[in-house]
Structure formats: structure tokens, C-alpha cells
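Chemist:
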Amino acid sequence: MRASGDDPVTFVPMSDVSESGQWVHRQTRSYREVRNGYTCFNEGDVLFAKITPCMENGKGCHAISLVGGVGFASTEFHVLRAKDCADAGFIFQWSIDLSLRRKAAAVMTGSAGQQRVPASFFNTFTVPCLPKPEQSKIAEVLSTVDSAIAQTEALIAKQQRIKTGLMQDLLTRGIDEHGQLRSEATHAFKDSPLGRIPVEWKVKTLDSVAEFVTSGARGWAKYYSEQGPIFLRIGNLTRKHINLRMDDIVHVQPPTSAEGTRTQVQQDDLLISVTADLGIIGVIPVNFGAGYVNQHIALARLNSANVSPRFVGWFLGGHQGRQQFDKLNESGAKAGLNLPTVRSLLFPSPELAEQAQIAAMLDSSTEALTRRMDTLRKLRHLKTALMQDLLTGKVRVTPLLEPAGEAIA
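Rendered as C-alpha cells:
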């Protein structure tokens, strides 16, 4: 089909492709609108971002299922078109390979911030000369993993949206005696310093339920060790949830003085970042073991007979809790929170059983999301390994091309 006039055709600006080579948003323009001033491409072509930092970040896509059989894109794309002896999917997989992108970055030309990969780069970059059927099979294997990654990413995004909504509902409306979310249509609510909350709930300060609130001290670098108790820093907290990040661990051999005793954590301790990025929350989990906090973290040990520390953690880490830290920032507390301010933080207080139920539901949602993200990490590692093996010809897929043998009666 040859487009003309007001015929709709595919249009691909740089913003419509992802850093993993996915075409994330599809749109059309009239042929008349884009026929001049844009890069033209055909069905099956590969788009490769030429400008920094889009190129280094992996932007591009395999252009298939075009409207009108033709497409137009930003002039900041190179168009790679497969010859008769090559498979376009194989070329696409090479186009998103990290080693190719690194070599392309090394030959960029132009001024800082406007550097581009010259088209001549593709005249010198070599790939293994594999038979076309084998190229096609490699592309099929890798695209299957790509599909699994994309599906998992979509599920994670959906779960994150659900969790955000769940937090908002549970931490402002709670759960009634029938296990249902409360609604102002069916339950009584009241105004409070934290906004509208169920009439059954009270508003308390952290100090009213804390056995003590403390923070670490400076000078612990001299206690760093190859092994021993964990030394918790702001990097071990995350805004995504109240569980601790354990991918960047520092160990210490702590002092035996009161300083070591004062800053040692135990199960259910509430951690709050009090410098730089204020109000990141963590809660010490079961069986955490020995650990200590540095000077950038406040430690609040709550009386668990009266309050669920994980409920309080979820609230302070959620939208309503975040609003308190935002107000503190606006009032000039960006340099840091002092311990009296930490003690004055507010949270809603339902009955203890309801707090525990809400915390358990949010914990369960986080665990499901974490499992899904673990799956995504494994898929990405698999994709990287397969690309290194298959694209280079290190591992051949020729056995997959052989027809299956006949069954023996």
C-alpha cells in the first residue's frame, strides 16, 4: 500500500520507544503531515536512536505492524534494514545489545550534549555470519524472552497501582468488623489533623507509644569490618515499602560502650531517615539479627502491646505520612529532623487487631510484588546470558532447526 494525502501512517517520536527496545506507545499522523522533515521507514525495519543519551540508554524498536505499511520517525533515529540474507529480528536483537551500544558510544561525533552515532558505524561493526534460518531462530528465542519480560513488567506496574490504592484505602478508611473497607456512605467518619478518619480511630503522637526514640552517632567508620553485625544507613531504606534493602551492606564490630547499646536495633524497631531525604521508613523484621543505626536514622522503639509497629511504619511511609514530612521540609527542616520533631509525628490508631490486619494485608501485597520483581530480574539475567551466547554464535541453535524425529512404535 502506498500512502498519500491524508492517509494515516505510523509515527514514532523518540518518546514512544523505551530504553529496553520496546515500542511502548503507537500513534499515527496523516501522510501529508509527516512526509517532509521526518525519517521514513518500512515494515520490519529497525529504529536505532543515534543521539546521546537516548542511544546509550538503549532506545529503539523493531518496527512491525505499521499502519499503511509505512512509518515516519524522529530524525534522531537510524534505520536499519535487513538484506535478503539477514533476519530483521536478528538485527534488532543486535541493535539492543550492550556491547554494540558501547562501541557506538565510542565513535560518537558532535558537540557535548548533541553527540550522535554516525551511519558509518554500521559499515564497520561486524556480527557472526550465521545462516538466515539460524538468525531467525535466535530472534525467535530472544523475542520469546522479551515477551515474558514485557508481560512481567506490565503485571508489576498493575500490582504497584493496586498496592498504591490499597494503601490509600486501608490507611484512611480501615477495615470494619465484617472485614470490609469502611465508606462514609455506610460508616461514621470525623475530621482530624490527618484528614477524614473513622470515628473509632484516635490520633496519637509517636512519643505517646514509644518506649524511647534515639539516633546513631558519628564516627562509626572506625568500627567497619568484613563481618559482624549490620550497620544500617539511609541506603538500606526505600520509599517503595517498609522492608529493608539488603543489597548494600556494611558490617561493624561495635563498641561495648553505651553508644553501642543505645543504637542497637531489635525486631519491630521503627527507622526514620532524619537527614537529606527525610522520612524514608523501615521496620526491623523478624530474625534480623544484630544491627545498629547510623546518625542519619532515628530509631523509635514502640510499645507493641498498644500499637503495631508495622502499621505505624506503613502509615508514615504512605501518602498521609509523607505529607507530614513535606510540611516539615517547607518549614525549613531540610537540613535534618531533631528527635523532638520525630516524637511529635502523628499517626491514626485503630484497635490493635485492626492495625495488625491492615499491616498484614500491606505486607502480603509487598511480598507478592517482590516475588514478581524477582522473576523479572531472573528473566533479564536470562536474556543477557542468551544474547551473549546466541548472538555471538558461541552457542548454536542448529539443533532447534532440525525436524523432530518420527515416533518409534
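The sequence shown: position 309 = 313 (my numbering), numbered continuously. Every residue gets a Cβ at the ideal spot worked out from N, C-alpha and C, and that includes glycine. These numbers come from a predicted model, not from an experiment.
For the 8 Å Cβ check, are there 3 or more pairs between the stretch 308-322 and the stretch 279-290?
Modeler: These segments touch.
Chemist: For the beta strand (DSSP E) holding GLU188, just list the boundary residues, first then last.
Modeler: Neither: GLU188 is in no beta strand (DSSP E) and is coded neither H nor E.
Chemist: In the DSSP assignment, find the unbroken alpha helix (DSSP H) run with PRO12 in it and report its ends.
Modeler: Where PRO12 is concerned, there is no enclosing alpha helix (DSSP H), although the beta strand (DSSP E) it sits in stretches over 12-16.
Chemist: For HIS385, count the other beta carbons within 10 Å of its own beta carbon; 16 or more makes it buried, fewer makes it exposed. Which is it?
Modeler: Looking at its Cβ environment, which holds fewer than 16 other Cβ atoms inside 10 Å, HIS385 is exposed.
Chemist: Do three or more CB pairs link the stretch 149-166 to the stretch 102-111 at distances below 8 Å?
Modeler: The stretch 149-166 vs the stretch 102-111: no contact.
Chemist: Got a sec: does the ligand SAM put a non-hydrogen atom nearer than 8 Å to the Cβ of ILE276?
Modeler: Among the components modelled here there is no ligand, and therefore nothing to report on the ligand SAM.
Chemist: Using three-state DSSP, classify GLN2 as helix, strand or coil.
Modeler: The question about residue 2 has no answer, for the chain in this structure spans 5 to 413.
Chemist: If you draw a straight line from the C-alpha of GLN268 to the C-alpha of LEU84, how long is it?
Modeler: Between GLN268 and LEU84, the C-alpha separation is close to 59 Å.
Chemist: Look at ILE238 and ILE301 and say whether their C-beta atoms are less than 9 Å apart.
Modeler: A contact, by the Cβ cut-off of 9 Å.
Chemist: If the criterion is Cβ atoms closer than 9 Å, does the pair LEU343 and SER219 meet it?
Modeler: Yes. Within cutoff.
Chemist: Does PRO258 come out as helix, strand or coil in the three-state DSSP assignment?
Modeler: Coil at PRO258, not helix or strand.
Chemist: Per DSSP, which one or two residues make a beta bridge with PRO352?
Modeler: In the DSSP output, where bridge partners are listed per residue, PRO352 has VAL207.
Chemist: Tell me the rounded alpha-carbon separation between CYS133 and ILE55.
Modeler: Taking the straight line from one Cα to the other gives about 28 Å.
Chemist: Does GLN73 pass the burial test, meaning 16 or more other C-beta atoms within 10 Å, or should it be called exposed?
Modeler: Position check: residue 73 holds Gly in this sequence, whereas Gln was assumed. By the neighbour-count rule (16 or more Cβ atoms within 10 Å), GLY73 is not buried but exposed.
Chemist: Between which residues of its own chain and SER22 is the CB-CB distance below 6 Å, once the five residues before and five after are set aside?
Modeler: If we look at SER22 and ignore the five residues flanking it on each side, its Cβ neighbours are VAL28.
Chemist: DSSP on ALA413, reduced to helix/strand/coil?
Modeler: In this predicted model, ALA413 has a pLDDT of only 35, less than 50, meaning its place in the structure is not dependable enough to derive any value.
Chemist: Taking 9 Å as the threshold (C-beta atoms), are TYR35 and ASP11 in contact?
Modeler: In this structure, TYR35 lies closer than 9 Å to ASP11 by Cβ.
Chemist: Jot down the residue ranges of each uninterrupted alpha helix (DSSP H) in the stretch 298-325, minimum 4 residues, whole runs only, in chain order.
Modeler: Listed in chain order, they are 313-321.
Chemist: Tell me the residue span of the beta strand (DSSP E) that contains SER229.
Modeler: Per DSSP, SER229 belongs to the beta strand (DSSP E) from 228-236.
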